[in-house]
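Residue numbers (my numbering): 12 to 160.
Where is the CB? At the ideal position from N, CA and C, for every residue including glycine.
Note sheet for the following structure.
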């Protein structure tokens, strides 16, 4: 049976600031992120299986990505946990804002690495994460490919 890639796309809004950066992105700002998640596997051939012909149910993939990425990151402000913005982050948390203190600089590159690890940990053994594309703006994105890693 052939391997097939399927892709599901997601959107979420997040703010961030790049600690130590020498440009405008050192300031708190936001993006409308677009995340494309591509997995690879063989379609189910068991004729008695309710998901016959599917690599993975799009709804099952949606549940994983929603729980691991979209729900926590949507309308959150992401800071490097070592940022001098820590006081701002704490104040936002005190005011019931969704703040993520990441172990990394919250660039698209680092976010896509983090997302790949989170998604891979939740996929069934028979399904492999093929690639992720995290689009920060209309013309800027970071991609992660299993074959590169």
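- Within the same chain, 90, 92 and 100 come within 7 Å of residue 112 by CB-CB distance, once the 5 residues on both sides are set aside.
- Counting only the Cα atoms, residue 131 lies some 7 Å from residue 139.
- If you draw a 10 Å sphere on the C-beta of residue 136, you find fewer than 16 other C-beta atoms in it, and that means exposed.
- CA-to-CA, the gap between residue 80 and residue 127 works out to about 10 Å.
- The count of Cβ pairs closer than 8 Å, one atom from the segment 103-110 and one from the segment 41-50, stays below three, leaving the stretches out of contact.
- Contact between residue 63 and residue 51 does not hold, since the beta-carbon distance rounds to 19 Å and is not under 8 Å.
- Collapsing the DSSP output to three states places residue 43 in a strand.
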